[in-house]
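Participant: I am attaching a structure below and will ask some questions about it afterwards.
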């Protein structure tokens, strides 16, 4: 573990001292766990720092008394440190916002989280009364819970195999797949499910809002429950070919819906976009949105030269029919 | 004396005192902590003070009673320092800890409030959603918490507003605020605020009116309103309705496709949505928007 700097240690000690004093000789182990204070540093700080802290004139009765046995620890005579610091209004605001965001999802959360919502609501009520009963000025709305979220969570919990009808972004068509959901997460206002896809024999990330139908199958899973929690294969953009496009600066807001695009300002009039092409449909969508003023500077070899005009013509067909 | 020992003794001295202490009294009361050289003492003391204030410790500068000429001194008032939050039981703290782990604001110190509540014994839960931060959030938060009027530029106009709420919705941050010139509540997208937010010292009376931001598609926020009809093929209908949410107004046709009736106040954003269907959607009405789509596509081909 990284060594704490003096600010961090002080901040933590100001909470640790009143807590130890309020307990009757707690176990050192518990202090370490509660405050995430590495044991060696805790002992050292208590014995070699706190032991010398006190108030004028630093006679024995004006010094904090620390005693540590093999397992337990006592702090006495630290009257001025009898209470931890106040929760700042900022901390209170964040805590309430996080709690309220979660409560808003009640009914569509994994069971082990649902179980915590009762105590959470009690805690939020106390904090809200403490805050003068006012509305919290910070509000976090997670992605709208979609109707399939709950079914997928059940599948994760019960380890079932499900069949989904999924709108494939890269082909713009519906496909039927058997998947073994591993975990759900929200990113950029959307819910995703990470799953083992039995149809393509690979781990995939699906957008929950693109799932049309779910059917629970009477099959046994081939894969184990999730082991690695950070496997966002879908978000690994390095594998994709990159197109470089220049657009007028005034059109910058057009790329808002495309979070994977990097851009740099190259002059007072233009920005240059670097676009990882995850699928041709995605790229076609982008080109239609950017319109005729976008200049295609570099296009990967696998993209045909008339890709953009062909895309426009195909859509125009439905308007002309 | 070690730095951490000096800082803890400084906090002790300032917390335990009944009346403010001058800088020089502080040096006398913590023997061995500070240099005898006045200039280097002053510098170290200033740095210490800044460091403690950065930790949120409320060090006040106030006049020392019965000094003539008047002399200023420092103290930490216990009433400003000591925790007075309600007692939460361990279940409640654990639930709050879980919530703040699952949903947290990027850059927030997650642990500090829990240390103040006596720490937690459970491990960290994996994040369900990390809410991206924005450079303007801290100044907005300060204005919200202290009820301060702010100025900023938005859509080429200087705005003077009283902030009401900061809302994160659909991956964007909005500031809900009372616009003093327009005399109405307005929603401002934080990423569209031009330049910095200027914080004034003018306090306002917070309003008790709650203006709800409903989770709505982004094209419904804006100035000029259009009523649009968009035909979407069967293959994409379910997805489109999911995106729009429960408030979608639509009719279903015999072949399973739908005609969506949508209120659009930001045409550019809606056009992006229309193109996400490529040739699986056709904009029917109003005629000028249909024409705009056709013109746009014809200029591309």
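Residue numbers (the numbering used here), protein chains in the order written: chain A, 32 to 352; chain B, 2 to 302. Glycine included, C-beta positions come from ideal geometry on N, C-alpha and C. Nothing here was measured: the structure is a model prediction, and the numbers come from that model.
Out of 229(B), 207(B), 251(B), which one is the CA nearest neighbour of residue 264(B)?
Facilitator: 229(B)
Participant: Alpha carbon to alpha carbon, how far is residue 318(A) from residue 300(B)? Give it in angstroms, no decimals.
Facilitator: If I take the Cα positions, the gap works out to 12 Å.
Participant: Is it right to say residue 224(A) is buried, meaning 16 or more other beta carbons lie within 10 angstroms of its own, or is it exposed?
Facilitator: Residue 224(A) is buried by the Cβ-count criterion.
Participant: Is residue 5(B) close to chain A, meaning its C-beta is less than 8 Å from at least one C-beta of that chain?
Facilitator: yes
Participant: Would you tell me roughly how many angstroms separate the C-alpha atoms of residue 262(A) and residue 215(A), rounded to the nearest one?
Facilitator: With a pLDDT of 44 at residue 262(A), under the threshold of 50, the modelled position of that residue is not reliable, and the figure given next carries that caveat. Each residue's alpha carbon lies about 12 Å from the other.
Participant: So, is residue 36(B) buried or exposed, given that buried needs 16 or more other C-beta atoms within 10 angstroms?
Facilitator: exposed
Participant: Using beta carbons (cut-off 8 Å, strictly below), is residue 330(A) in contact with chain B?
Facilitator: no
Participant: With residue 31(B) as the anchor, note down where its alpha helix (DSSP H) starts and where it stops.
Facilitator: First-last for residue 31(B): undefined, no H or E at that position.
Participant: Please report the straight-line C-alpha distance between residue 275(A) and residue 314(A), rounded to a whole angstrom.
Facilitator: Just so you know, the alpha carbons of residue 275(A) and residue 314(A) end up roughly 12 Å apart.
Participant: Flag residue 119(A) as yes if its beta-carbon sits less than 8 Å from any beta-carbon of chain B, otherwise no.
Facilitator: Yes, because at least one Cβ of chain B sits closer than 8 Å to the Cβ of residue 119(A).
Participant: I'd like to confirm the pairing. Which residues does DSSP put opposite residue 216(A) in its beta bridges?
Facilitator: 223(A)
Participant: Is residue 317(A) helix, strand or coil by DSSP?
Facilitator: helix
Participant: Alpha carbon to alpha carbon, how far is residue 254(A) from residue 229(A)? Give it in angstroms, no decimals.
Facilitator: Going by C-alpha positions, residue 229(A) is about 10 Å away from residue 254(A).
Participant: Checking contacts by CB at 8 Å: is residue 83(A) closer than that to chain B?
Facilitator: Closer than 8 Å to the CB of residue 83(A) there is at least one CB belonging to chain B.
Participant: Of all Cβ atoms in chain B, is any one closer than 8 Å to the Cβ of residue 194(A)?
Facilitator: no
Participant: Roughly how far, in whole angstroms, is the beta-carbon of residue 17(B) from the beta-carbon of residue 27(B), given that I think they are within contact range, below 8 Å?
Facilitator: Wrong, their Cβ atoms sit about 12 Å apart, outside the cutoff.
Participant: Mind listing the chain B neighbours of residue 92(A)? Cutoff is C-beta to C-beta under 9 Å, in chain order.
Facilitator: Chain B residues near residue 92(A): none, gap ~13 Å exceeds 9 Å.
Participant: If you check the beta carbons only, do residue 48(A) and residue 81(A) fall under 8 Å apart?
Facilitator: The criterion of a C-beta distance shorter than 8 Å is satisfied by residue 48(A) and residue 81(A).
Participant: Within the region 80-139 of chain B, note down every full beta strand (DSSP E) run reaching 3 residues or more, in order along the chain.
Facilitator: Counting only unbroken stretches of 3 or more residues, the beta strand (DSSP E) elements lying wholly within the region 80-139 of chain B are 104-106, 130-132, in sequence order.
Participant: Suppose the cutoff is 6 Å on Cβ atoms and the five residues either side in sequence are ignored; what does the same chain contact list for residue 105(A) look like?
Facilitator: 56, 98
Participant: Are any of the Cβ atoms in chain B nearer than 8 Å to that of residue 70(A)?
Facilitator: At a cut-off of 8 Å between C-beta atoms, residue 70(A) does not count as an interface residue with respect to chain B.
Participant: Buried or exposed: residue 44(A), going by 16 or more other Cβ atoms within 10 Å of its Cβ?
Facilitator: Under this definition residue 44(A) is a buried residue.
Participant: Taking Cβ to Cβ, would you say residue 107(B) is nearer than 8 Å to residue 134(B)?
Facilitator: yes
Participant: Check for me: the beta strand (DSSP E) holding residue 5(A) runs from which residue to which?
Facilitator: The structure shown does not extend to residue 5(A), since chain A is modelled only from 32 through 352, so no value can be given for it.
Participant: State the CB to CB distance for the pair residue 82(B) and residue 22(B), rounded to an integer number of angstroms; the pair is presumed to be in contact (CB under 8 Å).
Facilitator: About 15 Å; that fails the 8 Å criterion.
Participant: Answer with buried or exposed for residue 212(A), where buried requires no fewer than 16 other C-beta atoms within 10 angstroms of its C-beta.
Facilitator: Buried, since its Cβ has 16 or more Cβ neighbours within 10 Å.
Participant: Work out the CA separation of residue 7(B) and residue 41(A) for me, nearest whole Å.
Facilitator: 11 Å
Participant: Cβ atoms of residue 152(A) and residue 192(A): under 8 Å apart, would you say?
Facilitator: no
Participant: Can you name the start and end residues of the alpha helix (DSSP H) that residue 77(A) belongs to?
Facilitator: 70-79
Participant: Within the same chain, show all residues whose beta-carbon is closer than 6 Å to that of residue 325(A), passing over the 5 residues directly before and after it, in chain order.
Facilitator: Excluding residues up to 5 positions away in sequence, 276, 278 lie with their Cβ nearer than 6 Å to the Cβ of residue 325(A) in the same chain.
Participant: Near residue 66(B), which residues of its chain fall below 7 Å by C-beta distance, leaving aside the five closest residues on each side in sequence?
Facilitator: Non-local C-beta neighbours of residue 66(B) in its own chain, meaning closer than 7 Å and more than five positions away in sequence, comprise 20, ordered along the chain.
Participant: Spatial neighbours of residue 356(A) within its chain, please: C-beta separation below 6 Å, excluding the five flanking residues on both sides.
Facilitator: Only positions 32 to 352 of chain A appear in the structure, and residue 356(A) is not among them; the question remains open.
Participant: Taking residue 172(A) as the reference, which of 128(A), 143(A), 145(A) has the closest Cα?
Facilitator: Among 128(A), 143(A), 145(A), the Cα nearest to that of residue 172(A) is on 128(A).
Participant: Could you list which residues in chain A have their beta carbon closer than 7 Å to that of residue 297(B), in chain order?
Facilitator: The contact set of residue 297(B) on chain A, defined by CB atoms closer than 7 Å, consists of 322 in chain order.
Participant: Residue 353(A) CB to nearest chain B CB: under 8 Å?
Facilitator: Because chain A in this structure spans residues 32 to 352, residue 353(A) falls outside the shown range and cannot be described.
Participant: Go to residue 336(A), then tell me how far its beta strand (DSSP E) extends in each direction, as first and last residue.
Facilitator: Note, residue 336(A): premise wrong, no beta strand (DSSP E); not H, not E.
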